[in-house]
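The numbering of the first sequence is this note's numbering, which starts it at 1 and goes up by one.
Glycine included, every Cβ here is placed at the ideal spot set by N, Cα and C.
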Amino acid sequence: MPLTPLHDWNLTPREAIALQRRLAGRVERADRLAPVRHIAGVDIGFEQRGEITRAAVVVLAWPPGKLGEFEPEALEGTLETVEQVVHREPSRMPYIPGLLSFREVPATLAAFDKLTVWPELVMVDGQGIAHPRRLGVASHLGLWLDLPTIGVAKSRLCGRHGEPGPARGDWEPLIDGPDDEVIGAVLRSRVGVKPLFVSPGHRVSLPSALDWVAACLRRTKLPEPTRLADRLASGSDPEASPRIIQ
DNA sequence: GCGACAG
DNA sequence: ATCTTGTCGC
């Protein structure tokens, strides 16, 4: 069953919410990944006070160059960029908490259209199922692309949790609803900084999502895929021209 | 009615 | 998210 073309979406918040409820039923929370050879990172930036949406996708080679090390520092620079693309277009919707995917997914899909290297796993800057209707931007994108996705957010949208321990890798479950459903994890990705909110997007379990994020962590707070996509989507890399490396 | 609220 | 100077810390 084909989904409604996102480019045609011109929904009211009420209609968008109804659509999310239907799509949430199609999100898979168990692992169903093909062998991973490339991991993509996705992030969105804005220009001109939000009038222009800028989607960035960075594709990294997996596994990283050097294996057998446990310290992230020893793996510095081992997740190499294979391709990166940027797509700009007029923004379609304002930001509304809970409806982020309607604002960001269309531009993201256009960016994916430009990729020549297709990833087997995607990390998205935002929530996966850790969403009021269990359909955050990572889950929505995963359904659309028919790819496994993981949500890596910098702050909380919903759910309750304890404060994770101080060590890198320490985490606490993110729980929501009257039935205490575990919708994600609050992960200390770096000592001394606010924790990350990791949640399954599509076709990835929570334990695997945490494993993948941990495997992509280096010295920074964000895992390499979303860190590089962030850099590309934000101003620091002004005329970030699309390029294919190697 | 009163907060909370990804990017 | 973005707008922005200085400032604290490794």
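Given a cut-off of 7 Å, decide if residue j and residue i are closer than it, judged by their beta-carbon atoms.
{"i": "Val124", "j": "Val42", "result": "yes"}
{"i": "Gly151", "j": "Gly136", "result": "yes"}
{"i": "Ser189", "j": "Lys221", "result": "yes"}
{"i": "Ile39", "j": "Leu60", "result": "yes"}
{"i": "Trp212", "j": "Leu187", "result": "no"}
{"i": "Thr149", "j": "Ala107", "result": "no"}
{"i": "Leu174", "j": "Ala130", "result": "yes"}
{"i": "Gly201", "j": "Ser101", "result": "no"}
{"i": "Gly98", "j": "Pro132", "result": "yes"}
{"i": "Glu120", "j": "Val36", "result": "yes"}
{"i": "Pro195", "j": "Pro164", "result": "yes"}
Around the C-beta of residue i, are 16 or more other C-beta atoms found within 10 angstroms, so that it is buried, or is it exposed?
{"i": "Ser199", "result": "buried"}
{"i": "Gln84", "result": "buried"}
{"i": "Gly142", "result": "buried"}
{"i": "Thr116", "result": "exposed"}
{"i": "Arg29", "result": "buried"}
{"i": "Ala55", "result": "buried"}
{"i": "Ile96", "result": "exposed"}
{"i": "Trp118", "result": "exposed"}
{"i": "Asp176", "result": "buried"}
{"i": "Pro13", "result": "exposed"}
{"i": "Asp146", "result": "exposed"}
{"i": "Gln127", "result": "buried"}
{"i": "Glu224", "result": "buried"}
{"i": "Asp179", "result": "exposed"}
{"i": "Val204", "result": "buried"}
{"i": "Gln48", "result": "exposed"}
What is the DSSP secondary structure of residue i, reduced to helix, strand or coil?
{"i": "Thr12", "result": "coil"}
{"i": "Val117", "result": "coil"}
{"i": "Ser155", "result": "coil"}
{"i": "Asp230", "result": "helix"}
{"i": "Arg49", "result": "helix"}
{"i": "Ile96", "result": "coil"}
{"i": "Ala40", "result": "strand"}
{"i": "Gly68", "result": "No answer about Gly68 holds up, because its pLDDT of 49 lies below 50 and its placement is not dependable."}
{"i": "Val85", "result": "strand"}
{"i": "Glu181", "result": "strand"}
{"i": "Arg160", "result": "strand"}
{"i": "Asp211", "result": "helix"}
{"i": "His7", "result": "With a pLDDT of 46 at His7, under the threshold of 50, the modelled position of this residue cannot be trusted, and the question is left open."}
{"i": "Leu187", "result": "strand"}
{"i": "Gln20", "result": "helix"}
{"i": "Pro225", "result": "helix"}
Would you mind reading off the limits of the beta strand (DSSP E) that contains residue i?
{"i": "Asp113", "result": "That residue, Asp113, is in no beta strand (DSSP E); its alpha helix (DSSP H) goes 100-113."}
{"i": "Ala61", "result": "52-61"}
{"i": "Leu196", "result": "196-202"}
{"i": "Pro173", "result": "171-176"}
Kindly examine the ligand NAD and report whether one of its heavy atoms sits closer than 6 Å to the Cβ of residue i.
{"i": "Val86", "result": "The ligand NAD is absent from the structure shown, which contains no ligand whatsoever."}
The alpha helix (DSSP H) that contains residue i, what's its start and end?
{"i": "Leu141", "result": "137-145"}
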